[in-house]
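Protein chains in written order, with UniProt numbering: chain F, 1 to 381; chain A, 1 to 197.
Report on the structure given below.
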Amino acid sequence: MRAMVYRGPYKVRVEEKDKPRIEHPNDAIVRVTRAAICGSDLHLYHGMMPDTRVGMTFGHEFIGVVDEVGSSVQNLKPGDRVMVPFNVYCGSCYFCARGLYSNCHNVNPNATAVGGIYGYSHTCGGYDGGQAEYVRVPFADVGPSVIPDWLDEDDALLMTDALATGYFGAQLGEITEGDTVVVLGAGPVGLFAAASSWLMGAARVIVIDHLDYRLEKARTFAHAEVINFAEQDDIVVTVKKTTDYLGADVVIDAVGAEADGNFLQHVTSAKLKLQGGSPIALNWAIDAARKGGTISVMGAYGPMFSAVKFGDAMNKGLTLRMNQCPVKRQWPRLLEHIRDGYLRPREIITHRIPLEHIAEGYHLFSAKLDGCIKPVIVPSA
Amino acid sequence: MPYTPDQPPTASPEELRARIPGWGVDLDPADRPAVPKERFAPDEAGAHWHFPERQEERWPRERSIEHAQLTPVFGTSCPPKGLSGVIRKHAYRTYSEGRAAHWLLLLGADRVDAWESHLRSFFTTRPDNPITQTGLRAEFTGHGLASRLGRNRADLNHQWLDPIIVGGPWIAAGGVVVSVVRRARRRRARRAATVEG
Numbered sequence: 001m002r003a004m005v006y007r008g009p010y011k012v013r014v015e016e017k018d019k020p021r022i023e024h025p026n027d028a029i030v031r032v033t034r035a036a037i038c039g040s041d042l043h044l045y046h047g048m049m050p051d052t053r054v055g056m057t058f059g060h061e062f063i064g065v066v067d068e069v070g071s072s073v074q075n076l077k078p079g080d081r082v083m084v085p086f087n088v089y090c091g092s093c094y095f096c097a098r099g100l101y102s103n104c105h106n107v108n109p110n111a112t113a114v115g116g117i118y119g120y121s122h123t124c125g126g127y128d129g130g131q132a133e134y135v136r137v138p139f140a141d142v143g144p145s146v147i148p149d150w151l152d153e154d155d156a157l158l159m160t161d162a163l164a165t166g167y168f169g170a171q172l173g174e175i176t177e178g179d180t181v182v183v184l185g186a187g188p189v190g191l192f193a194a195a196s197s198w199l200m201g202a203a204r205v206i207v208i209d210h211l212d213y214r215l216e217k218a219r220t221f222a223h224a225e226v227i228n229f230a231e232q233d234d235i236v237v238t239v240k241k242t243t244d245y246l247g248a249d250v251v252i253d254a255v256g257a258e259a260d261g262n263f264l265q266h267v268t269s270a271k272l273k274l275q276g277g278s279p280i281a282l283n284w285a286i287d288a289a290r291k292g293g294t295i296s297v298m299g300a301y302g303p304m305f306s307a308v309k310f311g312d313a314m315n316k317g318l319t320l321r322m323n324q325c326p327v328k329r330q331w332p333r334l335l336e337h338i339r340d341g342y343l344r345p346r347e348i349i350t351h352r353i354p355l356e357h358i359a360e361g362y363h364l365f366s367a368k369l370d371g372c373i374k375p376v377i378v379p380s381a
Numbered sequence: 001m002p003y004t005p006d007q008p009p010t011a012s013p014e015e016l017r018a019r020i021p022g023w024g025v026d027l028d029p030a031d032r033p034a035v036p037k038e039r040f041a042p043d044e045a046g047a048h049w050h051f052p053e054r055q056e057e058r059w060p061r062e063r064s065i066e067h068a069q070l071t072p073v074f075g076t077s078c079p080p081k082g083l084s085g086v087i088r089k090h091a092y093r094t095y096s097e098g099r100a101a102h103w104l105l106l107l108g109a110d111r112v113d114a115w116e117s118h119l120r121s122f123f124t125t126r127p128d129n130p131i132t133q134t135g136l137r138a139e140f141t142g143h144g145l146a147s148r149l150g151r152n153r154a155d156l157n158h159q160w161l162d163p164i165i166v167g168g169p170w171i172a173a174g175g176v177v178v179s180v181v182r183r184a185r186r187r188r189a190r191r192a193a194t195v196e197g
């Protein structure tokens with residue numbers, strides 16, 4: 001089969017690989033019909049995530065058609081169209097039994113601090129991902145769901161991570177009626193977090209980024225106020241001024257490890273790999289939140305330490321909430337919101353790229369060229 | 001202002017509902033899908049086992065020493081190999097996830113892995129090509145200049161480092177190869193001159 005393959009930092013190509021095989025009775029093999037490149041894939045692409053091996057296939061956002069199932073699979077059969085959460089999880093460990101599907105303890109031998117994620121390094125379990133023609137899906141009775149007939153395939157694709165994570169991030173903010181919510185980052189997850197914040201009763205939603213084309217999307221797609229931090233002397237003071245010097249009730253970090261805005265922090269983390277991630281967005285969140293406010297983090301960071309301003313967080317009495325999204329917990333509600341027209345995920349897709357051109361797709365997304373917000377990979381194109 | 005007890009004025013729910021489709025449909029915090037954070041419901045996930053069957057371990061699978069046992073299911077992409085494999089196995093065997101040494105060794109192994117793989121690729125029919133694999137063509141098809149020029153982009157202050165990170169080691173390696181070849185030629189010429197003399 002044809003598959004995207006990592007060849008070292010900033011380098012990927014398409015190779016012929018063995019088709020994945022059933023390795024466990026509850027496995028399924030899925031023929032991928034659509035995949036996406038996620039902002040967090042760029043952390044792998046840039047060589048930031050420890051134990052990212054040359055030869056691995058990335059891709060944790062994908063949908064497809066079941067090609068083959070293991071002997072114990074009861075809920076799926078070949079031919080079913082399925083969407084697959086980015087979490088690999090067993091459904092039965094201590095954590096899964098309590099709904100923490102993204103923190104499963106039975107799928108990742110390489111680390112206990114993070115669960116299993118498709119195509120996301122050996123630190124997240126060593127599973128090949130969906131930027132390929134076929135992918136192995138463990139625990140087929142637990143993770144994947146049949147795509148409802150009425151659901152658009154692009155919407156289904158975005159349910160597998162970006163939409164679910166954005167909506168989850170708004171929940172982590174514990175938004176109450178009348179809150180002012182600041183969202184750092186106008187990428188796909190930030191856009192969905194901003195749109196979701198209204199559903200939970202926010203009175204103001206302010207999106208901050210440095211890319212004008214993404215801020216324009218935040219204004220039109222998520223009805224948000226927008227601020228370009230590159231045009232401000234001090235973004236924290238700008239947020240204080242626009243909130244009558246109170247600060248935001250809720251700040252959502254939808255940026256993560258490669259945040260811009262401070263050359264030293266960015267270079268020491270994204271280029272020199274001396275920090276687990278550039279903590280610029282997180283530090284802005286701490287400083288821009290009001291005392292007693294809440295910070296939600298779904299931006300992805302690496303497992304190493306980062307220079308976070310923890311003293312300010314403590315002194316301000318902030319609540320910090322974070323996790324990888326337990327995707328499938330969000331699905332029933334997200335399906336309702338898509339059907340009712342409150343969330344329109346596919347509107348953020350900007351590029352469709354054949355698998356054979358995946359190297360160009362990664363560069364386009366990484367360098368933020370051509371107004372790229374969300375690139376979708378089509379294996380059979 | 002926060003110097004008095006008053007809440008800053010905001011738009012009314014009616015105004016917001018009129019402007020934002022679906023405003024407030026998830027207003028009740030208790031009725032959100034991720035609330036409460038932990039809810040004991042072992043039957044909801046779809047598992048029909050108490051503990052999953054074990055996947056076959058086809059090679060000794062490296063694992064964190066914070067795990068009591070190998071997890072029943074695991075990824076099988078890219079088994080450890082070469083010097084990078086030795087470093088990775090050492091990092092897993094020796095240091096917990098709480099130790100910086102664990103992660104620094106794994107990051108170091110990643111760099112070794114990249115060079116081992118580049119070298120190995122030169123002995124195949126498809127050697128690594130840093131031009132095509134970095135997707136540079138997108139600079140032309142994706143309006144590289146227009147996407148950057150005249151824009152207030154905060155990432156432009158470090159993007160110039162990327163070609164150095166990617167191309168630098170290749171140029172350095174090329175320089176080493178050229179100097180080795182030159183030195184060998186010079187030595188051969190000197191030896192030939194000695195024989196003739």
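Glycine included, C-beta positions come from ideal geometry on N, C-alpha and C.
Since the structure is predicted, the reported quantities are computational estimates derived from the model, not experimental observations.
Asked                                                                                                                 : Found
Cutoff 9 Å: Tyr-95(A) Cβ touching any chain F Cβ                                                                      : no
Cβ distance (whole Å) where Gly-341(F) is taken to contact Pro-21(A) below 8 Å                                        : 6 Å
Where Arg-17(A) sits in the DSSP three-state scheme                                                                   : helix
Buried or exposed (CB count within 10 angstroms, at least 16 for buried), Asn-26(F)                                   : buried
Supposed close pair Gly-302(F), Gly-276(F) - CB separation, criterion 8 Å                                             : 4 Å
Segment limits, beta strand (DSSP E) that includes Asp-253(F)                                                         : 248 to 253
Opposing strand residues paired with Arg-204(F) [DSSP bridges]                                                        : Thr-180(F)
Thr-176(F): contacting residues in chain A (beta-carbon distance under 9 Å)                                           : Leu-27, Pro-29
Within chain F, the residues that Phe-40(A) reaches when beta carbons sit closer than 9 Å                             : Ala-97, Arg-98, Gly-99
Residues that Ala-173(A) contacts on chain F, provided the C-beta gap is smaller than 7 Å                             : Under the 7 Å cutoff, chain F gives no residues; its nearest Cβ is about 13 Å from Ala-173(A).
Minimum length 3: unbroken beta strand (DSSP E) runs contained in the segment 316 to 350 of chain F                   : 319 to 322
Close Cβ partners of Val-114(F) (< 6 Å) along its chain, the five nearest in sequence each way excluded               : Cys-124
Same chain, Cβ closer than 7 Å to Glu-116(A), five either side skipped, listed in chain order                         : Gly-82, Leu-83, Ser-84
N- and C-terminal bounds of the beta strand (DSSP E) containing Tyr-134(F)                                            : 134 to 137
Distance between His-210(F) and Asp-287(F) (C-alpha atoms, nearest Å)                                                 : 18 Å
Paired residues, beta bridge with Arg-352(F) - DSSP                                                                   : Val-376(F)
Start-to-end residues for the beta strand (DSSP E) that takes in Tyr-6(F)                                             : 2 to 8
Secondary structure of Thr-294(F), DSSP reduced to three states                                                       : strand
Close-in-space but distant-in-sequence residues of the same chain around Gln-74(F) (CB under 6 Å, 5 per side omitted) : Asp-141
Below-9 Å beta-carbon distance, Ala-45(A) vs any chain F residue                                                      : yes
Neighbour list for Glu-53(A) in chain F, Cβ cutoff strictly below 9 Å                                                 : His-24, Pro-25, Asn-26, Ser-72
Helix, strand or coil at Arg-187(A) [DSSP, three-state]                                                               : helix
Residue interval of the alpha helix (DSSP H) (run including Phe-221(F))                                               : 212 to 221
Lys-11(F) in three-state terms, based on DSSP                                                                         : strand
Run of the alpha helix (DSSP H) containing Val-189(F), from where it starts to where it stops                         : 188 to 199
Same chain only: Cβ atoms within 7 Å of Val-82(F), ignoring 5 sequence neighbours per side                            : Val-30, Ile-63, Gly-64, Val-66, Leu-76, Pro-144, Ser-145, Val-146, Ile-147
Alpha-carbon spacing of Val-25(A) relative to Tyr-213(F), whole angstroms                                             : 29 Å
Contacting residues, own chain, Cβ-Cβ under 7 Å from Asp-113(A) (five flanking each side not counted)                 : Ser-84
Test: Leu-83(A) CB closer than 9 Å to a CB of chain F                                                                 : no
Alpha helix (DSSP H) runs wholly inside the segment 73 to 117 of chain A, at least 4 long, in chain order             : 82 to 94
Opposing strand residues paired with Phe-140(A) [DSSP bridges]                                                        : Note: Phe-140(A) sits in no beta bridge, so no partner.
Beta-carbon spacing of Phe-305(F), Ala-189(A) below 9 Å                                                               : no
Distance between beta carbons of Pro-8(A) and Leu-246(F), contact taken as under 8 Å                                  : 6 Å
8 Å Cβ cut-off: residues of chain A touching Gly-126(F)                                                               : Phe-74, Gly-75, Thr-76, Ser-77, Cys-78
Assigned secondary structure, Phe-365(F) (DSSP; H/G/I helix, E/B strand, else coil)                                   : helix
Integer Cβ distance of Ile-37(F) from Leu-191(F), believed to fall under 8 Å                                          : That belief does not hold up - the Cβ atoms of Ile-37(F) and Leu-191(F) are roughly 16 Å apart, past 8 Å.
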